[in-house]
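Below: the structure, in structure tokens.
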Amino acid sequence: MGPPVFVAFLNGYTPPWADQVIERLAATLPYPIRRVDLRFDLRPYYAPERRQHHATLLLATLLRHLPEPGGKIVGITCEDLFIPVLTFVFGQSQLDGPAAVVSTYRLHNESYGLPADEELLRARTVKEVVHELGHAFGLVHCRDQRCVMRASTYVEEVDLKDAGFCDTCRTMIAARTA
Ligand SMILES: [Zn+2]
Ligand SMILES: [Zn+2]
8 MGPPVFVAFL NGYTPPWADQ VIERLAATLP YPIRRVDLRF DLRPYYAPER RQHHATLLLA
68 TLLRHLPEPG GKIVGITCED LFIPVLTFVF GQSQLDGPAA VVSTYRLHNE SYGLPADEEL
128 LRARTVKEVV HELGHAFGLV HCRDQRCVMR ASTYVEEVDL KDAGFCDTCR TMIAARTA
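Start counting at 1 in the sequence shown, then tack on 7, and there's your number in our numbering.
Next up, the structure:
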């Protein structure tokens, strides 16, 4: 087992399925998963003209809150995130870097005028968290239709892929812990 992956539901965001996300991560990644409570002021990252938070700046702050060198940290927020060249992002991470961030804002059915579905929201969140952590573990986008590392721009594309890695991606992740 490698160094831990710290999972922080940011600023007290605690969806009813938070523990299930942790369980799924523990079942998918060959690393110890630790939940941490992390709160910091998001206002400096808010862009009022877009009514969104700047993902890259949030990522930089998460980096500074990494509890243990060599570990990874993923922050999960319900705030809408953007990077300047894109309308929105489901998440962001640095390839082979220590930090990742995921937003559930656009994973909610309600964002598309559809009835709430907590089960679907949990499933989408797990996929996006695994995806961003995959990047943090050095994986690039995968062409396998079902692989969680397949790129998804729209929520429909998130729904089409599985929550797990294809054989190739899983082997690459496992090789890092050897
Ligand atoms: Zn990606
Ligand atoms: Zn793959």
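Glycine included, each C-beta is placed from N, C-alpha and C at the ideal position. Since we're looking at a predicted model, the values are computed, not measured.
message: Can you give me the C-alpha to C-alpha distance between Gly120 and Arg113, rounded to a whole angstrom?
response: Whole-angstrom Cα-Cα distance: 11 Å.
message: ligand 2 and Asp169: does any heavy atom of the ligand fall closer than 7 Å to the residue's C-beta?
response: No, the Cβ of Asp169 stays beyond 7 Å of every heavy atom of ligand 2.
- request: State the DSSP-derived secondary structure class of Thr21, mapped to helix, strand or coil.
  value: Assigned with DSSP and collapsed to three states, Thr21 falls in coil, not helix or strand.
- request: Flag Cys154 as yes when its Cβ comes closer than 7 Å to any non-hydrogen atom of ligand 2, and as no otherwise.
  value: Yes, ligand 2 has a heavy atom inside 7 Å of this Cβ.
Shell residues, 6 Å Cβ cut-off relative to heavy atoms of ligand 1: Chain-ordered list of matching residues: His138, His142, His148 and Ala158.
message: Using a 10 Å radius around the Cβ and a threshold of 16 neighbouring Cβ atoms, would you call Ala106 buried or exposed?
response: Buried is the call here.
query: Which parts of the region 81 to 122 are runs of the beta strand (DSSP E), unbroken and 3 residues or longer, counting only runs that do not cross its ends?
result: Fully enclosed beta strand (DSSP E) runs of 3 or longer: 98 to 100 and 106 to 110.
field: Buried or exposed by the 16-neighbour rule on C-beta atoms within 10 Å, applied to Gly77
entry: By the neighbour-count definition (other C-beta atoms within 10 Å, threshold 16), Gly77 is an exposed residue.
field: For Tyr53, the residue or residues it bridges with in DSSP
entry: Note: Tyr53 sits in a beta bridge opposite His60.
field: Leu159 to Val137 span [Cα, whole Å]
entry: Sequence inspection shows Ser at residue 159; the Leu mentioned does not correspond to that position. For Ser159 and Val137, the distance between alpha carbons rounds to 13 Å.
message: Using a 10 Å radius around the Cβ and a threshold of 16 neighbouring Cβ atoms, would you call Tyr38 buried or exposed?
response: Buried: at least 16 other Cβ atoms inside 10 Å.
message: Looking at Leu45: is its Cβ nearer than 8 Å to the Cβ of Ala67?
response: The Cβ atoms of Leu45 and Ala67 lie no closer than 8 Å to each other.
task: Tell me, please, whether the region 173 to 184 touches the region 137 to 148 by the rule of three or more beta-carbon pairs shorter than 8 Å.
output: Contact annotation: the region 173 to 184 touches the region 137 to 148, with at least three C-beta pairs closer than 8 Å.
- prompt: For ligand 2, any of its heavy atoms closer than 7 Å to the Cβ of Cys173?
  reply: Within the chosen limit of 7 Å, ligand 2 reaches the beta carbon of Cys173 through at least one heavy atom.
- prompt: Beta carbon of Val28, beta carbon of Thr132: below 8 Å?
  reply: Val28 places its beta carbon less than 8 Å from that of Thr132.
- prompt: Is it the case that the CB of Cys85 approaches a heavy atom of ligand 2 more closely than 7 Å?
  reply: Because no heavy atom of ligand 2 lies under 7 Å away, the Cβ of Cys85 does not count as near it: no.
task: Tell me whether Asp44 sits in a helix, a strand or coil according to DSSP, three-state version.
output: Correct three-state label for Asp44: strand.
query: When DSSP builds the beta bridges, which residues end up paired with Ala15?
result: According to DSSP, Ala15 bridges with Val43 and Gly82.
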